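Since the structure comes first, as structure tokens, the remarks are kept for the end.
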Amino acid sequence: MNIATFLRAEDIALDLSAANKQAAIEAASELLCPGEDACRKAVLQALLAREQLGSTGLGRGVALPHARSNTLAAPRIALMRLEQSVDFGAADGDPVDLVLAVIWPAEAMDDFLGTLSKFCKMLREPRLLQGLRDVATPEEASELLRLTAEQTAGPDKARA
245 MNIATFLRAE DIALDLSAAN KQAAIEAASE LLCPGEDACR KAVLQALLAR EQLGSTGLGR
305 GVALPHARSN TLAAPRIALM RLEQSVDFGA ADGDPVDLVL AVIWPAEAMD DFLGTLSKFC
365 KMLREPRLLQ GLRDVATPEE ASELLRLTAE QTAGPDKARA
């Protein structure tokens with residue numbers, strides 16, 4: 245799946261206000277399911293249930309909340325840059341200001357773990373993290389993610 249179609253500019257929120265991890269995950273569910281109340285509730289429940297298993301804080305100020313849900317027919321991704329960092333319980337103890345939320349159809353296991361792995365690899369790139377913290381528009385963030393996907397996967401494998 246091409247990252248350019250996987251994460252669109254409208255799936256990105258910059259300088260979002262969230263008081264804590266719960267509020268950040270609630271905001272992610274709204275971004276993942278805009279205007280879809282039943283979807284939003286199911287996605288929120290799935291993300292919170294996954295978070296109960298262990299923190300999705302990766303370190304370096306990044307969290308990757310993810311889950312599978314019967315509500316969706318296709319994967320959805322949302323990126324949020326938080327106005328103020330929040331505690332996600334990351335192993336390094338650093339608060340999180342970048343949240344990449346992934347929700348995947350429960351029946352479609354194809355590529356789920358591979359996609360998470362690729363996102364984890366991308367989110368270790370210091371230039372990407374600094375770039376996401378510096379961009380002015382969602383379009384710039386989307387393009388930066390696309391370019392990083394190409395660089396980390398190779399020119400013929402820009403998939404996430």
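First residue of the sequence shown: 245, per this note's numbering; consecutive thereafter. Glycine is no exception: its CB is placed at the ideal position from the N, C-alpha and C atoms. As the structure is a computational prediction, the values presented were derived from the model and not from experiment.
I think residue i touches residue j, with their Cβ atoms under 8 Å apart; what is that distance to the nearest whole Å?
| i | j | result |
| --- | --- | --- |
| residue 343 | residue 324 | 4 Å |
| residue 326 | residue 290 | Residue 326 to residue 290, Cβ: 21 Å. No contact. |
| residue 334 | residue 301 | 3 Å |
State the Cα-Cα distance for the pair residue i and residue j, rounded to the nearest angstrom.
| i | j | result |
| --- | --- | --- |
| residue 275 | residue 337 | 26 Å |
| residue 329 | residue 304 | 11 Å |
| residue 311 | residue 294 | 6 Å |
| residue 309 | residue 359 | 13 Å |
| residue 422 | residue 377 | This structure gives no information on residue 422, because the portion of the chain shown stretches from 245 to 404. |
| residue 292 | residue 254 | 23 Å |
| residue 250 | residue 320 | 7 Å |
| residue 395 | residue 353 | 25 Å |
| residue 368 | residue 280 | 32 Å |
| residue 264 | residue 361 | 26 Å |
| residue 340 | residue 364 | 15 Å |
| residue 356 | residue 347 | 9 Å |
For residue i, collect the residues of the same chain with a Cβ closer than 6 Å to its Cβ; drop the 5 residues on either side in sequence, then sort them by chain order.
| i | result |
| --- | --- |
| residue 315 | 283, 286 |
| residue 402 | Confidence is the limiting factor: at residue 402 the pLDDT is only 45, short of 50, which leaves the residue's position unreliable and the question unanswerable from this model. |
Taking C-beta to C-beta, are residue i and residue j nearer than 8 Å?
| i | j | result |
| --- | --- | --- |
| residue 393 | residue 256 | no |
| residue 262 | residue 322 | no |
| residue 349 | residue 318 | yes |
| residue 370 | residue 258 | no |
I'd like the list of long-range same chain contacts for residue i, defined as Cβ closer than 7 Å, with 5 residues on each side in sequence excluded.
| i | result |
| --- | --- |
| residue 375 | 388 |
| residue 252 | 386 |
| residue 266 | none |
| residue 270 | 288 |
Report the residue from the options whose alpha carbon sits nearest the alpha carbon of residue i.
| i | options | result |
| --- | --- | --- |
| residue 306 | 313, 270, 345 | 345 |
| residue 260 | 372, 395, 380 | 380 |
Within the same chain, show all residues whose beta-carbon is closer than 8 Å to that of residue i, passing over the 5 residues directly before and after it, in chain order.
| i | result |
| --- | --- |
| residue 351 | 314 |
| residue 372 | 366, 388, 389, 392 |
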